[in-house]
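Engineer: One structure follows; several queries about it will come next.
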Amino acid sequence: MDLKDHYNKMWTASLQKFKKQQFQFDPLLDADDDNRYGLTLLARPSEEVKQSILDALEEIKRIAPSQYYYSHPDLHITILSIISCYPCFSPDAIDTEEYCKIISSAVASVAPFRISFCGVTASSSCILIQGFPGNDQLQILRNTLRDTFRQSGLQHSIDKRYQLQTTHMTAIRFKESFAESEAFVKAIENLREKDFGSCSVKQLELVGNDWYHREEKVQRICKFKLSN
Numbered sequence: 003m004d005l006k007d008h009y010n011k012m013w014t015a016s017l018q019k020f021k022k023q024q025f026q027f028d029p030l031l032d033a034d035d036d037n038r039y040g041l042t043l044l045a046r047p048s049e050e051v052k053q054s055i056l057d058a059l060e061e062i063k064r065i066a067p068s069q070y071y072y073s074h075p076d077l078h079i080t081i082l083s084i085i086s087c088y089p090c091f092s093p094d095a096i097d098t099e100e101y102c103k104i105i106s107s108a109v110a111s112v113a114p115f116r117i118s119f120c121g122v123t124a125s126s127s128c129i130l131i132q133g134f135p136g137n138d139q140l141q142i143l144r145n146t147l148r149d150t151f152r153q154s155g156l157q158h159s160i161d162k163r164y165q166l167q168t169t170h171m172t173a174i175r176f177k178e179s180f181a182e183s184e185a186f187v188k189a190i191e192n193l194r195e196k197d198f199g200s201c202s203v204k205q206l207e208l209v210g211n212d213w214y215h216r217e218e219k220v221q222r223i224c225k226f227k228l229s230n
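Mapped onto my numbering, the consecutive letters of the sequence shown carry residue numbers 3 to 230.
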């Protein structure tokens, strides 16, 4: 996949909707009875990258304070959604050791890789930070995990919603109508080419998570170091 072209197409389609006030709002963001849970292999960006993103988000918050902004501990890069969130799932219901074994085997031959974060793109429901891997190690890892889990007999839902090929981070979700939607769109456009920095991914985490990866609901299961 040509990531830049893919991000550009997402941006163009979403911007047209935004300018027509066609935002998709998430009714479950504040729902107390939202019990969707899943299993995700993820990576954390560096502190420098996080701070760059958070600084940019502060500017947007002044314009659109009522939307949902990802916090410092919640920012993450999804390597692969192993079990997509669904109601009442719990990691206690599966043999997490088997999942850790499969992932450990897959990452054993994968070297650390860099991701550059430059600019934003969007969907109708959220704003995303664009990520660009520096080599093919991430794609190799994802494909290895896909093949291994399909052969394993373990519960998973890999690629059932869509095949993950991007390296984005979700930064903002739309929660309610905008008081100043034009100002919001203009502010987001100003971040279209912003350089948020880059970092080397050397460690991955397998976590149980809610839909929004809120820190208070994340259950850390295993950590994996990429080979040097």
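Even for Gly, the Cβ is constructed at its ideal location relative to N, Cα and C.
For isoleucine 223, name the three-state secondary structure that DSSP assigns.
Structural biologist: strand
Engineer: Does DSSP classify valine 122 as helix, strand or coil?
Structural biologist: strand
Engineer: Could you tell me whether the Cβ atoms of glutamine 132 and tyrosine 9 are closer together than 8 Å?
Structural biologist: yes
Engineer: Report the CB separation of glutamine 69 from isoleucine 174 in whole angstroms; it is logged as a contact under 8 Å.
Structural biologist: 6 Å
Engineer: Go to methionine 12, then tell me how far its alpha helix (DSSP H) extends in each direction, as first and last residue.
Structural biologist: According to the DSSP assignment, methionine 12 belongs to the alpha helix (DSSP H) that extends over 5-20.
Engineer: Which residues does DSSP pair with serine 106 in a beta bridge?
Structural biologist: Note: serine 106 sits in no beta bridge, so no partner.
Engineer: Report the rounded CA-to-CA distance for alanine 15 versus glycine 199, giving the unit in angstroms.
Structural biologist: The alpha-carbon atoms of alanine 15 and glycine 199 are separated by roughly 26 Å.
Engineer: Between Ile79, Ser183 and Glu61, which has its C-alpha nearest phenylalanine 115's C-alpha?
Structural biologist: Answer by Cα proximity: Ile79.
Engineer: What is the C-beta distance between phenylalanine 226 and serine 48, in whole angstroms, given that I count them as a contact (C-beta under 8 Å)?
Structural biologist: The Cβ separation is near 18 Å, so there is no contact.
Engineer: When the distance is taken between beta carbons, is leucine 82 closer than 8 Å to leucine 193?
Structural biologist: no
Engineer: Determine the direct distance from the alpha carbon of alanine 113 to that of phenylalanine 41, and round the result to whole angstroms.
Structural biologist: Sequence inspection shows leucine at residue 41; the phenylalanine mentioned does not correspond to that position. One C-alpha to the other measures close to 23 Å.
Engineer: Closer than 8 Å by C-beta to serine 92: which residues in its own chain qualify, once you throw out the five before and the five after it? Chain order, please.
Structural biologist: Around serine 92: Tyr39 and Gly210.
Engineer: Identify which residue in Thr98, Lys196 and Phe180 has its Cα closest to the Cα of lysine 21.
Structural biologist: Phe180
Engineer: Could you check how far apart the C-beta atoms of cysteine 128 and threonine 172 are, in whole angstroms? I think they sit under 8 Å.
Structural biologist: Beta-carbon to beta-carbon, cysteine 128 and threonine 172 are separated by about 5 Å, close enough to satisfy the 8 Å threshold.
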